[in-house]
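Structure first, commentary second.
Below is the structure:
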């Protein structure tokens, strides 16, 4: 996977990430429009949380073999 990674793609991802972080900082530093700031930050952070849960919480089957089976008593 890393052999097919293009350096310009990495640079693009870094530049976009920095832009998003600076935009979030600007939104967090706003003095007026408190309700808009709360709504925007809540939506963005909850979307990130949902995406992480879907990516790593649902798809990860590493605990599938942890079922304890008891033999019935005769």
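In my numbering, the protein residues as written are 3 to 76.
For every residue, glycine included, the Cβ atom is placed at its ideal position computed from N, Cα and C.
In this model, residue 8 and residue 17 are separated by some 15 Å (Cα to Cα). Under the three-state reduction of DSSP, residue 31 is assigned to coil, being neither helix nor strand.
Residue 52 is not a Cβ neighbour of residue 39, given a cutoff of 7 Å. For residue 38, the enclosing alpha helix (DSSP H) stretches over residues 36-54. For residue 74, the three-state secondary structure derived from DSSP is coil. Scanning its chain for C-beta atoms nearer than 8 Å, with the 5 sequence neighbours on each side dropped, one finds around residue 26 the residues 43 and 46, in chain order.
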